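**Student:**
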């Protein structure tokens, strides 16, 4: 599970800088996640300076 | 066909563009944001010595406040004062400063274009030979002899180009910053830095005055903290009499590299400058100077490579060597200090605040006299390991 809160997000790109698998991108629509690349490690969740990302480990993965 | 394309118009990109344009090369500098300098990144401080060393003479509107020193607060509240000398530091207006640097590059002949997002590189026989992107939603491709990635800590271009720049996320601090007005600043000629694990785990909280009642108030904390940086900052502001009645004019966030330096920042026809290569002072997270220094070095190496008509990785490797010689090695020394600081408890901070002078702190942040610190740490049995790492 990956939830991005567009109202909290400041579009700083911090999540992108820490993503170990290059799964995030900042587009004009906001933060976009590549589901195939994302390993739901949650580093972006911990890192986000304003708490705009919530990640829960997917059970199937 | 450009001689050089530079991605990212922060201080590093603009410096590279300026120096290369001065030498007569055809340079394009692309910035993804619609306005260069905005929204600004966290820090706005630089010392006068650094500004002079870079040969800069910024116009008055780039400088909000001149600084004489710093006050470093331990968790106990005890402050250690540092005297830098009269007007020896600047608090910049980054929006103006970054834009002025880009203007300078343009005046020297660089083609500068905002709202231009570079998302891929063009390749020829496997080597990087240009960029693909979108400028004001129009797709384009452009070739260049050399490509410079100066696209910040979230750099995509380096990875797309084939350099694995992913570093341990623990080497990146999570930062957030308010521009506040209507506050009381006890001493507006000093920057104020607050340390402590309850205030700013691993990092610090800063008040950089931009006038008598205006300041850049921000925080950088370790990146794997379960409480977001903004919550620490809000708590501090709410509990501080001088700040809590203030208004917030800006909220900005960002990631601050504090280590993870790259030995190799080059490929055939390609190199990285600034935050994208983690060229930042790891003790305070400032990189305005480092990025521009790297830009100047890069321009010299690129000049030589273009003159020799040899832009191979082998030739550009001189950039790696020069950077490490001029700055990298001393930053690595300073990184050791950061490794110590991040392992200190609040009690340790208080202990050191009692023993150290402002002069000691200045020396440490320059990577000097670390033996003095090590000797103090040796007196605390649980810190012996840290002390040894310093020696």
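Chains as they are written, first to last, in the numbering used here: chain V, 1 to 61; chain F, 62 to 452.
The beta-carbon is built from N, C-alpha and C at its ideal position, and this holds for glycine as well.
Fair warning: this is a prediction, and the values are worked out from it, not measured in the lab.
(1) Using a Cβ-Cβ distance under 9 Å, would residue 235 of chain F count as near chain V?
(2) Determine, using beta carbons only, whether residue 25 of chain V comes closer than 9 Å to chain F.
(3) Going by the CB atoms, is the gap between residue 318 of chain F and residue 356 of chain F shorter than 9 Å?
(4) Go through its chain and collect everything with a Cβ distance to residue 439 of chain F's Cβ below 8 Å, but skip five positions before and after it.
(5) Whole angstroms is fine: what's the gap from residue 87 of chain F's alpha carbon to residue 63 of chain F's?
(6) If we cut at 9 Å on Cβ distances, does residue 22 of chain V have a partner in chain F?
(7) Please go through the same chain and pick out, in chain order, the residues whose beta-carbon is closer than 7 Å to the beta-carbon of residue 273 of chain F, but skip the five residues on each side of it.
(8) Using CA coordinates, which residue listed in F:421, F:222, F:243, F:168 is at the minimum distance from residue 305 of chain F?
(9) Apart from the five residues just before and just after residue 233 of chain F, which ones in its own chain have a Cβ nearer than 6 Å to its Cβ?
(10) Answer with buried or exposed for residue 460 of chain F, where buried requires no fewer than 16 other C-beta atoms within 10 angstroms of its C-beta.
(11) Given that residue 16 of chain V touches chain F, what residues does it touch there, using C-beta distances under 8 Å?
(12) Could you confirm whether any beta carbon from chain F is found closer than 9 Å to the beta carbon of residue 13 of chain V?
(13) Less than 9 Å separating the beta-carbons of residue 89 of chain F and residue 203 of chain F?
(14) At the level of alpha carbons, what is the spacing between residue 19 of chain V and residue 147 of chain F?
(15) Indicate whether residue 37 of chain V and residue 23 of chain V have their beta-carbon atoms separated by less than 9 Å.
(16) For the beta strand (DSSP E) that contains residue 206 of chain F, what are its first and last residues?
(17) Which of the three DSSP states is assigned to residue 24 of chain V in this structure?
(18) By how many angstroms is the C-alpha of residue 271 of chain F removed from the C-alpha of residue 153 of chain F?
(19) Run through chain V and tell me which residues come within less than 7 Å of residue 227 of chain F, C-beta to C-beta.
(20) Buried or exposed for residue 27 of chain V, going by 16 or more other Cβ atoms inside 10 Å?
(21) Could you run through the stretch 300-315 of chain F and flag, in chain order, every residue whose CB is less than 8 Å away from some CB of chain V?
(22) Give the DSSP bridge partners of residue 240 of chain F, in chain order.
(23) What three-state label does DSSP hand residue 61 of chain V in the structure shown?
(24) Can you pull out the residues from the stretch 267-299 of chain F whose beta carbon lies closer than 8 Å to at least one beta carbon of chain V?
(25) Touch check for the stretch 131-144 of chain F and the stretch 411-425 of chain F: three-plus C-beta pairs under 8 Å?
(26) For residue 318 of chain F, which residues does DSSP report across the bridge?
(27) Step through the CB atoms of chain F and report whether any lies within less than 9 Å of the CB of residue 2 of chain V.
(28) So, does the CB of residue 399 of chain F fall closer than 9 Å to a CB anywhere in chain C?
(29) Determine the closest residue to residue 186 of chain F out of F:330, F:79, F:427, with distance taken between C-alpha atoms.
(30) Taking DSSP as the reference, what is the three-state secondary structure of residue 50 of chain V?
(31) Pick out the complete alpha helix (DSSP H) segments inside the stretch 154-187 of chain F, 4 residues or longer, and give them in chain order.
(32) Please report how far the alpha carbon of residue 194 of chain F lies from the alpha carbon of residue 226 of chain F, in whole angstroms.
(33) With residue 314 of chain F and residue 77 of chain F assumed to form a contact (beta carbons below 8 Å), what rounded beta-carbon distance in angstroms separates them?
(34) Since residue 128 of chain F and residue 252 of chain F should fall inside the 8 Å C-beta cutoff, what is the C-beta to C-beta distance between them, to a whole number of angstroms?
(35) Hey, does residue 262 of chain F have any beta-carbon neighbour from chain V nearer than 9 Å?
**Tutor:** To lay it out plainly:
(1) Within the second chain, numbered from 1, the residue matching residue 235 of chain F stands at position 174. For residue 235 of chain F, the answer is yes, since a Cβ of chain V falls inside 9 Å of its Cβ.
(2) For this step, residue 25 of chain V is matched to residue 25 along the first chain. Taking Cβ atoms only, chain F reaches closer than 9 Å to residue 25 of chain V, which makes this a yes.
(3) The residue you call residue 356 of chain F lines up with position 295 of the second chain. The residue you call residue 318 of chain F lines up with position 257 of the second chain. No, the Cβ-Cβ distance between residue 356 of chain F and residue 318 of chain F is not below 9 Å.
(4) Translated into the one-based positions of the second chain, residue 439 of chain F becomes position 378. These residues qualify, in order along the chain: 445, 448.
(5) Position 26 of the second chain, counted from the start, is the residue given in the question as residue 87 of chain F. Position 2 of the second chain, counted from the start, is the residue given in the question as residue 63 of chain F. Cα to Cα, the separation comes out at about 5 Å.
(6) As a working mapping, residue 22 of chain V is identified with position 22 in the first chain. By this cut-off, residue 22 of chain V is an interface position.
(7) By 1-based counting over the second chain, the position of residue 273 of chain F is 212. Excluding residues within five positions, the ones whose Cβ falls inside 7 Å are 246, 249.
(8) Here residue 305 of chain F refers to the residue found at position 244 when the second chain is read from its first residue. Ranking F:421, F:222, F:243, F:168 by Cα distance to residue 305 of chain F puts F:243 first.
(9) Residue 233 of chain F sits at position 172 when you count from the first residue of the second chain. Correct list, in chain order: 284, 316, 318.
(10) Because chain F in this structure spans residues 62 to 452, residue 460 of chain F falls outside the shown range and cannot be described.
(11) Along the first chain, one-based indexing puts residue 16 of chain V at 16. Ordered by position in chain F, the residues that pass the 8 Å Cβ test against residue 16 of chain V are 215, 217.
(12) Translated into the one-based positions of the first chain, residue 13 of chain V becomes position 13. Output row for residue 13 of chain V: interface = yes.
(13) Your numbering for residue 89 of chain F matches position 28 in the second chain. Your numbering for residue 203 of chain F matches position 142 in the second chain. Their beta carbons are under 9 Å apart, which means residue 89 of chain F touches residue 203 of chain F by this criterion.
(14) Within the first chain, residue 19 of chain V is the residue found at index 19, counting from 1. Within the second chain, residue 147 of chain F is the residue found at index 86, counting from 1. Approximately 43 Å between the Cα atoms of the pair.
(15) On the first chain, position 37 is the one that residue 37 of chain V refers to. On the first chain, position 23 is the one that residue 23 of chain V refers to. Yes, the pair counts as a contact, with Cβ atoms nearer than the cut-off.
(16) Numbered from 1 along the second chain, position 145 holds the residue referred to as residue 206 of chain F. That run of the beta strand (DSSP E) goes 199-210.
(17) As a position in the first chain, residue 24 of chain V is number 24, starting the count at 1. Residue 24 of chain V falls in the strand class under three-state DSSP.
(18) Against the second chain, residue 153 of chain F aligns to sequence position 92. Against the second chain, residue 271 of chain F aligns to sequence position 210. The straight-line gap from Cα to Cα measures roughly 8 Å.
(19) Here residue 227 of chain F is taken as the residue at index 166 of the second chain, counted from 1. Chain V residues near residue 227 of chain F: 20.
(20) As a working mapping, residue 27 of chain V is identified with position 27 in the first chain. Exposed, since its Cβ has fewer than 16 Cβ neighbours within 10 Å.
(21) 312, 313, 314, 315
(22) For the purposes of this step, residue 240 of chain F is taken as residue 179 along the second chain, with counting starting at 1. DSSP lists F:277, F:311 as partners of residue 240 of chain F.
(23) Taking the first chain and counting its residues from 1, the one referred to as residue 61 of chain V is at position 61. Low confidence applies here, because residue 61 of chain V scores a pLDDT of 48, under 50, leaving its location unreliable; read the following figure in that light. Correct three-state label for residue 61 of chain V: coil.
(24) 284, 285, 286, 287, 289, 290, 291, 292
(25) yes
(26) Looking up residue 318 of chain F in the second chain gives position 257. Bridge partners of residue 318 of chain F: F:233.
(27) By 1-based counting over the first chain, the position of residue 2 of chain V is 2. For residue 2 of chain V, the answer is no, since every Cβ of chain F falls outside 9 Å of its Cβ.
(28) Among the protein chains in the structure shown, which are V and F, there is no chain C.
(29) The residue given as residue 186 of chain F occupies position 125 in the second chain. Closest option to residue 186 of chain F, Cα to Cα, is F:330.
(30) Mapped onto the first chain, residue 50 of chain V falls at position 50. In the structure shown, residue 50 of chain V sits in coil (DSSP, three-state: anything other than H, G, I, E or B).
(31) 155-168
(32) The sequence position of residue 194 of chain F within the second chain is 133, counting from 1. The sequence position of residue 226 of chain F within the second chain is 165, counting from 1. So the two alpha carbons sit approximately 21 Å from each other.
(33) As a position in the second chain, residue 314 of chain F is number 253, starting the count at 1. As a position in the second chain, residue 77 of chain F is number 16, starting the count at 1. About 26 Å separates the two Cβ atoms, so there is no contact after all.
(34) Translated into the one-based positions of the second chain, residue 128 of chain F becomes position 67. Translated into the one-based positions of the second chain, residue 252 of chain F becomes position 191. Rounded, the Cβ-Cβ distance is 6 Å, consistent with contact.
(35) Indexing the second chain from 1 puts residue 262 of chain F at position 201. No, residue 262 of chain F does not count as interfacial toward chain V.
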